[in-house]
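Anchor point for the sequence shown: position 261 equals 260 in numbering that gives the first Met the number 0, and the numbering is continuous, going up by one each time.
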Amino acid sequence: MKFPGFKILDRYIVKKFLGTYFFAISLIILIVVIFDAAEKMDDFIEYKASLNDIVFSYYLNFIPFFVNQFSALFTFIAVIFFTSKMAYQTEIIAILAGGVSFQRMLWPYFLSATVITALSLYLNLFVIPVSNQHIQDFEMQFTRKARRSATYDQHIFRQITPGTFVYIRGFNGKTGTASYFALETYDNGALVASLEAGGRVRFDSTSTRWTAPNYIRRTFDESNQEHFEKLEHLDTIINLTSQELGNIENLVKTMDYYELKQFVRQQRIKGSDMINVIEVEKYSRWAYPMASFVLTLMGVSLSSRKVRGGTGLHIGVGIALCFTYILFMKFAEEFAKGEVLPPALSVWSPNIIFAVIAVYL
0 MKFPGFKILD RYIVKKFLGT YFFAISLIIL IVVIFDAAEK MDDFIEYKAS
50 LNDIVFSYYL NFIPFFVNQF SALFTFIAVI FFTSKMAYQT EIIAILAGGV
100 SFQRMLWPYF LSATVITALS LYLNLFVIPV SNQHIQDFEM QFTRKARRSA
150 TYDQHIFRQI TPGTFVYIRG FNGKTGTASY FALETYDNGA LVASLEAGGR
200 VRFDSTSTRW TAPNYIRRTF DESNQEHFEK LEHLDTIINL TSQELGNIEN
250 LVKTMDYYEL KQFVRQQRIK GSDMINVIEV EKYSRWAYPM ASFVLTLMGV
300 SLSSRKVRGG TGLHIGVGIA LCFTYILFMK FAEEFAKGEV LPPALSVWSP
350 NIIFAVIAVY L
């Protein structure tokens with residue numbers, strides 16, 4: 000495939016595209032940071048957050064997250080804004096009348112979209128997971144809402160191997176203690192053995208060892224007869240790390256691409272019932288940045304004609320379509336988490352459907 004040379008027209012469109020994109024997203028980031036700081040200022044003062052922590056630990060990590068979160072939206076707005084202006088000033092007509100085909104005119108648009116997609120992918124796969132960890136740590140230390148919310152669920156259910164489940168109640172991450180611990184084994188849906196401990200149950204995160212002064216062991220024989228034993232000094236190791244005790248959705252957001260792939264493999268071996276949630280996060284990190292190409296094509300197609308109503312009409316229709324896309328993507332993610340559709344199909348379906356619409360336009 001032979002790529003066209005980089006000409007004056009290409010430089011003009013790339014400059015307009017990237018210039019409008021970065022200006023718009025910088026402006027909105029500045030506004031959001033100001034409003035966020037105003038909202039959290041009381042917390043910062045109450046918990047004595049230093050200026051260094053606020054700027055470098057929080058907002059420096061907050062900005063990449065926000066840029067990526069709204070990258071596709073601002074790509075679409077940028078395309079709509081400057082292309083509509085070009086159409087209104089009859090520049091598009093002049094370009095096409097000069098012998099440049101519509102497909103050739105799209106080349107600098109897609110070149111610009113490639114730059115934005117590459118930036119978004121890099122942020123999504125490697126930068127934002129680290130930033131999310133810093134943000135969570137900062138909020139737990141310096142914001143009232145995060146400090147009051149539980150880091151761990153009150154009731155934790157996990158599958159550690161196929162057919163073996165653990166239930167933990169009242170786990171405290173700081174002390175490594177729980178009020179109740181149960182390990183149950185099932186065969187063909189029937190409970191065949193269980194181990195239960197209450198009161199002072201302790202967890203060693205280094206050795207993944209659970210200990211308790213007393214515990215109860217129940218087993219069932221072939222005739223379904225229950226055997227009950229009350230024993231002392233529980234000391235057992237299970238295949239469950241301290242990370243997995245926390246909220247899985249928050250946990251996977253702090254993993255880079257390679258850590259996430261490893262975690263998916265680990266949870267698949269365990270037969271985890273959270274595998275769909277984890278895979279949605281994995282596929283979303285690729286699908287969302289790729290939306291820049293779809294929305295760029297749709298934006299050019301919508302705004303390249305001079306219509307009554309001008310730029311305002313183009314931007315209005317464009318934003319409506321873009322928010323429809325974002326809403327559709329959120330619904331698709333929930334379908335995947337609820338096991339209505341396979342995660343890959345659910346996450347990529349908005350891109351596929353809107354790509355068809357964009358090509359038609």
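We put the beta carbon where it would ideally sit given N, CA and C, even for glycine.
With DSSP as the reference, label Q158 as helix, strand or coil. On the sequence shown, residue 158 is found 159 positions in, with the first residue counted as 1. Q158 falls in the strand class under three-state DSSP.
Could you check the C-alpha separation between T113 and S25 for me, to the nearest Å? Your numbering for residue 113 matches position 114 in the sequence shown. Your numbering for residue 25 matches position 26 in the sequence shown. Roughly 19 Å between the two C-alpha positions.
So, are the CB atoms of T160 and L294 less than 8 Å apart? Within the sequence shown, residue 160 is the residue found at index 161, counting from 1. Within the sequence shown, residue 294 is the residue found at index 295, counting from 1. Their beta carbons are not under 8 Å apart, which means T160 does not touch L294 by this criterion.
Alpha carbon to alpha carbon, how far is Y282 from S49? Counted from its first residue, the sequence shown places residue 282 at position 283. Counted from its first residue, the sequence shown places residue 49 at position 50. When rounded, the distance between both Cα atoms is 37 Å.
Fully enclosed by the region 28-76, which alpha helix (DSSP H) runs are 4 residues long or longer? Taking only runs of at least 4 residues, the alpha helix (DSSP H) segments lying wholly in the region 28-76 are 59-68.
Have a look at the DSSP bridge pairing and note the partners of Y179. The residue you call residue 179 lines up with position 180 of the sequence shown. Bridge partners of Y179: R168 and G197.
Specify, as a first and last residue, the run of the alpha helix (DSSP H) that F292 falls within. Counting from 1 along the sequence shown, the entry for residue 292 is found at position 293. Counting along the chain, F292 sits inside the alpha helix (DSSP H) bounded by residues I274 to S302.
Quick one: any contact between the region 209-218 and the region 266-284, if contact means 3 or more CB pairs under 8 Å? The count of Cβ pairs closer than 8 Å, one atom from the region 209-218 and one from the region 266-284, stays below three, leaving the stretches out of contact.
Going by C-alpha to C-alpha distance, which of Q242, Q88 and P288 sits closest to I115? Position 116 of the sequence shown, counted from the first residue, corresponds to residue 115. For I115, the closest alpha carbon among the candidates Q242, Q88 and P288 is that of P288.
Residue burial classification, S111 (beta-carbon count within 10 angstroms, cutoff 16): Here residue 111 refers to the residue found at position 112 of the sequence shown. Buried: at least 16 other Cβ atoms inside 10 Å.
Through-space distance from G337 to P349, alpha-carbon basis: Here the question's residue 349 lines up with position 350 in the sequence shown. Here the question's residue 337 lines up with position 338 in the sequence shown. Going from the Cα of P349 to the Cα of G337 covers about 17 Å.
C-alpha gap between K1 and Y108, whole angstroms: Within the sequence shown, numbered from 1, the residue matching residue 1 stands at position 2. Within the sequence shown, numbered from 1, the residue matching residue 108 stands at position 109. With a pLDDT of only 49 at K1, under the threshold of 50, the placement of this residue in the model should not be trusted; the figure read from the coordinates follows. Roughly 17 Å between the two C-alpha positions.
Taking the runs of the beta strand (DSSP E) that are 3 residues or longer, which of them lie wholly in the region 217-244? Listed in chain order, the complete beta strand (DSSP E) runs (minimum 3 residues) inside the region 217-244 are 225-236.
Output needed for W347: all residues of its chain with C-beta closer than 8 Å, excluding positions within five of it in sequence on either side, in chain order. The sequence position of residue 347 within the sequence shown is 348, counting from 1. Within the same chain, W347 has close Cβ partners Y282 and A286.
Close Cβ partners of D42 (< 7 Å) along its chain, the five nearest in sequence each way excluded: On the sequence shown, residue 42 is found 43 positions in, with the first residue counted as 1. F141, T142 and R143.
For R208, the residue or residues it bridges with in DSSP: Sequence index remark: in the sequence shown, residue 208 carries index 209 (1-based). D203 and I236, per the DSSP bridge assignment.
Please state whether DSSP places D9 in a helix, a strand or coil. As a first step, residue 9 is located in the sequence shown; it is residue number 10 there, counting from the start. Helix at D9.
Please find out if some non-hydrogen atom of the ligand FMN comes closer than 7 Å to the beta-carbon of N123. Among the components modelled here there is no ligand, and therefore nothing to report on the ligand FMN.
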